[in-house]
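Colleague: One structure, as structure tokens, below. Some questions next.
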Amino acid sequence: MAVNDQPFFSIVIPVLNEEKALPALLSDLANQTIRDFEVIVVDGHSTDKTVARAKEWKDKLPSLTVLTSKIRNVSHQRNQGAQEAKGKYILWNDADNNLPKYYLEGLRFHLHVRPVDTFTVWCNADSDKSSDRTIATYLNLLVETAYLLGNPAAFGAMIGCRTKSFQKTGGFNPEVGFAEDTEFVRQAFKKGMSFAVFHEPRYVYSLRRFRKIGILKAVKDYAILNLKYITKQKVDQKKEYPMGGELFSDMKTAQMFIKVDGSFKKLLKKPKILDKISALLSLEEK
1 MAVNDQPFFS
11 IVIPVLNEEK
21 ALPALLSDLA
31 NQTIRDFEVI
41 VVDGHSTDKT
51 VARAKEWKDK
61 LPSLTVLTSK
71 IRNVSHQRNQ
81 GAQEAKGKYI
91 LWNDADNNLP
101 KYYLEGLRFH
111 LHVRPVDTFT
121 VWCNADSDKS
131 SDRTIATYLN
141 LLVETAYLLG
151 NPAAFGAMIG
161 CRTKSFQKTG
171 GFNPEVGFAE
181 DTEFVRQAFK
191 KGMSFAVFHE
201 PRYVYSLRRF
211 RKIGILKAVK
221 DYAILNLKYI
231 TKQKVDQKKE
241 YPMGGELFSD
251 MKTAQMFIKV
261 DGSFKKLLKK
271 PKILDKISAL
281 LSLEEK
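The opening residue of the sequence shown carries number 1 in the UniProt record's numbering; numbering runs sequentially from there.
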């Protein structure tokens with residue numbers, strides 16, 4: 001990439017103690033089939049070797065900038081990176097993402113065909129286990145359902161925004177402690193900006209957070225239940241959906257499931273959307 005050329009993507013990665021995960025993502029970026037992008041790593045005062053590990057990729061990437069945030073806050077770090085972006089589109093990534101080598105090229109193609117203001121992308125799970133694939137499918141359909149209902153949602157692991165539109169969005173709200181990613185795309189949508197959900201190419205989404213706090217099984221079970229609902233399969237309530245609050249002892253998890261329930265209940269009143277989601281699910285199962 002020539003010095004005066006504007007990169008198509010500015011990849012912004014907020015990090016905190018990611019010395020193990022970050023190098024894998026930077027390696028994926030270094031191996032992309034296109035080179036018109038820059039990488040901006042925004043560190044939240046890591047206590048490990050994250051910054052040193054990031055700087056090791058200086059000569060292997062088209063452009064790498066490593067910043068230190070004054071505030072340890074993921075939204076603030078995303079915003080700080082966006083302020084430094086020179087690309088046509090900002091693409092926020094979590095440090096534990098993985099990208100196939102054609103990812104940026106495929107995404108650039110979609111944006112040439114459909115140059116929206118904001119977007120997100122479907123994901124694959126970080127393992128081939130059927131339970132993990134079920135969760136990824138569920139997460140994808142959640143995003144799709146919200147989009148079809150006219151109330152966009154996105155996971156912070158992969159959100160894109162036209163750089164010229166970023167200031168109009170107001171950025172990510174540092175005061176929002178949960179679902180700040182969805183709040184960002186919804187605020188942009190309310191301000192008249194276009195939004196899209198791209199199904200391909202897919203990035204690899206890490207389920208490590210779910211594993212770490214021990215709710216992976218709960219998410220998997222809940223995913224299966226709602227996918228059964230979409231496909232009109234019978235659910236054994238006593239076995240598959242027992243009463244009891246211990247499943248949702250974590251408040252953020254409970255809030256997430258409450259929002260999920262609301263989205264799926266709305267589908268009952270939208271048979272055309274339900275049919276479309278069912279069709280997408282049938283394609284995923286092939």
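All C-beta atoms, glycine included, are put in the ideal place defined by N, C-alpha and C.
Computed from a predicted model, the values in this text were never measured in an experiment.
Across the region 116-129 and the region 48-62, are there enough close Cβ pairs to call them in contact, namely three or more that are closer than 8 Å?
Modeller: Flag = no, the region 116-129 and the region 48-62 do not touch.
Colleague: What is the DSSP secondary structure of Pro62, reduced to helix, strand or coil?
Modeller: DSSP places Pro62 in coil when its eight states are reduced to three.
Colleague: Closer than 8 Å by C-beta to Phe198: which residues in its own chain qualify, once you throw out the five before and the five after it? Chain order, please.
Modeller: The answer, listed in chain order, is Leu107, His110, Phe119, Thr120, Val121, Trp122.
Colleague: Return the residue from the list Asn93, Asp36, Asn151 that minimises the CA-CA distance to Ser75.
Modeller: Ranking the options by Cα distance to Ser75, first place goes to Asn93.
Colleague: Write down every uninterrupted run of the alpha helix (DSSP H) in the region 19-53 whose length is 4 residues or greater and which is fully enclosed by it, in chain order.
Modeller: Within the region 19-53, the complete alpha helix (DSSP H) runs of at least 4 residues are 22-30.
Colleague: Please determine, among Ala21, Val143, Asp5, the residue with the shortest C-alpha to C-alpha distance to Arg35.
Modeller: Nearest C-alpha to Arg35: Asp5.
Colleague: Drop a sphere of 10 angstroms on the beta-carbon of Pro115, count the other beta-carbons inside from all chains shown, and report buried for 16 or more, exposed for fewer.
Modeller: Pro115 comes out exposed.
Colleague: Just grab the DSSP bridge partners of Tyr89 for me.
Modeller: BP columns for Tyr89 point to Phe9, Arg162.
Colleague: In chain order, what residues of the same chain have a beta carbon less than 6 Å from the beta carbon of Ala21, not counting five sequence neighbours either side?
Modeller: So the qualifying residues of the chain are Ala95, Asp96.
Colleague: Return the first residue and the last residue of the alpha helix (DSSP H) that Phe210 is part of.
Modeller: Segment 208-212, the alpha helix (DSSP H) holding Phe210.
Colleague: I'd like the span of the beta strand (DSSP E) that includes Val121, first residue to last.
Modeller: Start and end: 118-125.
Colleague: Considering Glu200, what are the terminal residues of the beta strand (DSSP E) in which it resides?
Modeller: Per DSSP, Glu200 belongs to the beta strand (DSSP E) from 195-205.
Colleague: For the region 70-88 against the region 162-170, do three or more pairs of beta-carbon atoms, one drawn from each stretch, fall closer than 8 Å, so that the two count as touching?
Modeller: A contact exists between the region 70-88 and the region 162-170.
Colleague: How long is the line joining the alpha carbons of Asp181 and Leu141, rounded to whole angstroms?
Modeller: Spanning the two alpha carbons is a distance of roughly 17 Å.
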